[in-house]
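K.L.:
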C-alpha cells in the first residue's frame with residue numbers, strides 16, 4: 009500500500025461518516041442481467057472451421073510481440089516457437105492457457121452499491137473512450153480537463169450507466185505525461201462508480217494501481233479497475249500496451265484484450281476471415297495475460313467496424329459489423345470468458361438522424377450478441393473522434409431501453425393479467441382497472457429526454473428538437489450535480505500523490 013497520506017487516512021473516519029450522511033443519493037440501475045437469449049448466427053460447423061483456422065494462423069503465421077523481450081521469453085518458456093519478434097504458438101497451447109482466465113469477476117467500486125459483475129448473463133455499460141475533440145453548443149473543439157470533469161459528472165448522474173469509464177475525452181490542455189493523473193482523480197473523486205486505468209505507458213498503469221490503492225485503503229487482491237488493452241491489428245502486440253497489461257495482471261486488475269478491427273483495412277473484407285483473425289488475436293492476448301498471472305481477470309472481444317471502399321472512412325451500424333459482433337460473441341463464450349464489444353457507434357458529425365440510426369443498430373447488436381462489457385455506450389460521435397455532450401445524454405437515456413429489453417417477458421400471474429382481462433371485459437378500457445393502478449408506475453419504460461407532448465404544447469414550448477432538449481438536460485444535470493461523499497483524508501492523499509508525481513517530471517506534450 010502507498011504510504012502517501014497514511015496518517016490522514018487513519019484519522020479520516022469521522023469526517024468520512026459525516027460526508028456519507030450528508031451526501032445526496034443518485035439513483036443508479038444495477039448492471040443488466042439478461043433474461044433473453046443471445047442471437048447465435050454461426051452453426052457448429054462454422055464455429056469449428058473458424059476455430060481451426062485461428063489455430064492455424066497462430067501456428068503457421070504467428071503474431072508479433074514488438075519491443076518486449078520479456079514477453080518473448082515468456083512465450084519461449086511456454087513452448088512457443090520464437091524467431092525474432094515473431095511468436096508461433098503450437099496448436100492448442102493458447103486455448104489451454106486461456107482456461108485459467110475466470111468466467112466472471114466483480115469489479116469493486118468505492119461505493120459498494122455500484123459494484124458490477126462482468127461475465128455470465130450480465131451487461132455493464134460504460135461511456136465513450138478516447139476522443140481528442142468534444143462537441144457542445146459552441147461546436148467542435150479540442151477537449152479540456154474541464155470537459156473531462158463534466159463528462160464524469162454526467163456519467164455519475166446517468167441512471168442507466170453502470171461504469172464511469174476511462175478516457176471519456178482526451179484533455180489536451182494538460183501535458184501528455186501528466187493528464188492520466190488528473191483523469192484518474194476525476195473518476196475517483198467526482199464519481200463513485202467503477203472506473204478504468206491508464207494504459208498509455210506502463211508507468212501510468214502503475215500510477216493507476218497506486219492511486220487505486222490509496223482510494224480503497226489497500227487493494228487486498230480486489231479488482232477495482234478494468235482497463236483497455238488494444239491489439240495493434242493485424243496480429244501485432246506492441247510493447248506499451250503489453251507493458252500496461254503486465255502491470256495490471258500482476259496486480260489482479262482486469263484487462264480488456266481487444267483487437268481493433270476495421271474490416272478491409274486491419275482485417276479481411278469477409279466476415280469469416282475477420283472472425284478468424286479476431287479469434288487468433290484474442291487467443292494470443294488472453295493466453296499472454298495468463299502467462300503473466302494465472303487467473304488474472306480478463307475480457308475478450310473486439311472493436312469492430314467496416315470501411316467505405318470509396319472514401320476509406322470507417323462505417324458504423326452496418327450489417328457486416330453485426331455479423332462479426334454476433335460471431336465473436338459465440339466464439340468468446342466457447343472460451344468461457346467475458347465478452348466486450350459494441351457501443352453507441354456512429355460516423356455522423358453531429359447528433360442527427362444518421363447518429364440515431366447507427367447508434368441504435370450498434371446498441372441493439374451489443375445487447376443481442378451477449379456482450380458483457382460495452383464501452384462507448386454513450387457520447388460517441390464522428391467515428392470516435394468526438395465526445396458529444398448532447399449525444400451523451402441522448403444515448404444514456406436510450407440505455408434504459410436495453411435494461412427493459414433484457415428483462416424479457418413477465419409470465420408470472422401478475423404478468424398474465426388475467427384478472428385485468430376479466431375485470432374489463434368486452435368493450436371496456438384498462439385505464440382505471442385495479443391491475444393498471446397496481447402496475448402503472450413500473451409498467452413501461454419512460455424517457456427522461458424525448459418529447460411525447462401534443463403538437464400544440466410542443467410548439468408553445470419553443471418547438472425544440474432532440475438536440476436542444478439534450479443541451480438543456482446537460483445544463484440541468486451539471487447544475488444539479490453534487491459530489492459523492494468521500495473520506496477527506498483519502499481525497500487529500502490522492503491530491504498529494506498527484507502533486508508529487510507531477511512535480512517529479514517536466515511537462516511533455518508529445
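In this note's numbering, the protein residues as written are 9 to 518.
Cβ coordinates follow ideal geometry from the N, Cα and C atoms, glycine included.
(1) The beta strand (DSSP E) that contains residue 330, what's its start and end?
(2) With a cut-off of 8 angstroms on the beta carbons, I'd call residue 400 and residue 245 a contact; round off their distance for me.
(3) Leaving out five residues on either side along the sequence, give the residues of the same chain with a beta carbon under 6 angstroms from the beta carbon of residue 294.
(4) On the premise that residue 215 lies in contact with residue 189, defined as a C-beta separation below 8 angstroms, what is that separation, rounded to the nearest angstrom?
(5) Tell me which residue opens and which closes the alpha helix (DSSP H) that residue 152 is part of.
(6) Please name the residue in 414, 418, 312 whose C-alpha comes closest to that of residue 40.
(7) For residue 65, which residues of its own chain have a beta-carbon under 6 angstroms away from its beta-carbon, when the five flanking residues on both sides are left out?
(8) Using CA coordinates, which residue listed in 58, 86, 38 is at the minimum distance from residue 302?
(9) Hey, is the segment 72-79 in contact with the segment 43-51, meaning 3+ C-beta pairs nearer than 8 angstroms?
(10) Note the first and the last residue of the continuous beta strand (DSSP E) segment covering residue 113.
(11) Can residue 82 and residue 299 be called in contact, C-beta distance under 7 angstroms?
(12) Based on the DSSP secondary-structure assignment, which residues constitute the bridge partners of residue 460?
(13) May I have the straight-line CA-CA distance separating residue 479 from residue 487, to the nearest angstrom?
(14) So, with DSSP's three-state summary, where would you put residue 95?
(15) Please name the residue in 247, 268, 318 whose C-alpha comes closest to that of residue 238.
(16) Output needed for residue 398: all residues of its chain with C-beta closer than 6 angstroms, excluding positions within five of it in sequence on either side, in chain order.
(17) When the Cα atoms are used, what is the spatial distance from residue 220 to residue 326?
(18) Excluding the five sequence neighbours on either side, which residues of its own chain have a C-beta within less than 7 angstroms of the C-beta of residue 156, listed in chain order?
(19) Count the other C-beta atoms from every protein chain shown that fall within 10 angstroms of the C-beta of residue 20, then say buried if there are 16 or more, exposed otherwise.
(20) Which residues does DSSP pair with residue 286 in a beta bridge?
(21) Which complete alpha helix (DSSP H) runs does the segment 402-439 hold, if anything under 4 residues is left out?
(22) Does the Cβ-Cβ distance between residue 329 and residue 354 come in under 7 angstroms?
P.N.:
According to the structure shown:
(1) Residue 330 -> not in any beta strand (DSSP E); alpha helix (DSSP H) instead, spanning 327-343.
(2) With a Cβ gap of about 32 angstroms, residue 400 and residue 245 do not count as contacting.
(3) 106, 109, 265, 306, 308
(4) That belief holds up - the Cβ atoms of residue 189 and residue 215 are roughly 7 angstroms apart, short of 8 angstroms.
(5) Careful: residue 152 lies outside any alpha helix (DSSP H) and carries neither H nor E.
(6) Taking only the C-alpha atoms, the option nearest residue 40 is 414.
(7) Result list for residue 65: 288, in chain order.
(8) Considering only 58, 86, 38, the residue with the shortest C-alpha distance to residue 302 is 86.
(9) At 8 angstroms Cβ cutoff, the stretches do not touch.
(10) 112-115
(11) Against a cut-off of 7 angstroms, the Cβ pair of residue 299 and residue 82 comes out as a contact.
(12) DSSP, once it has assigned bridges, lists no residue as partnering residue 460.
(13) 13 angstroms
(14) strand
(15) Of the listed residues, the one whose Cα sits closest to residue 238 is 268.
(16) These residues qualify, in order along the chain: 359, 475, 478, 479.
(17) 39 angstroms
(18) 176, 177, 179, 191, 194
(19) With a pLDDT of 49 at residue 20, under the threshold of 50, the modelled position of this residue cannot be trusted; read the value that follows with caution. Under this definition residue 20 is a buried residue.
(20) Beta-bridge pairing links residue 286 to no other residue.
(21) 421-424, 426-432
(22) no
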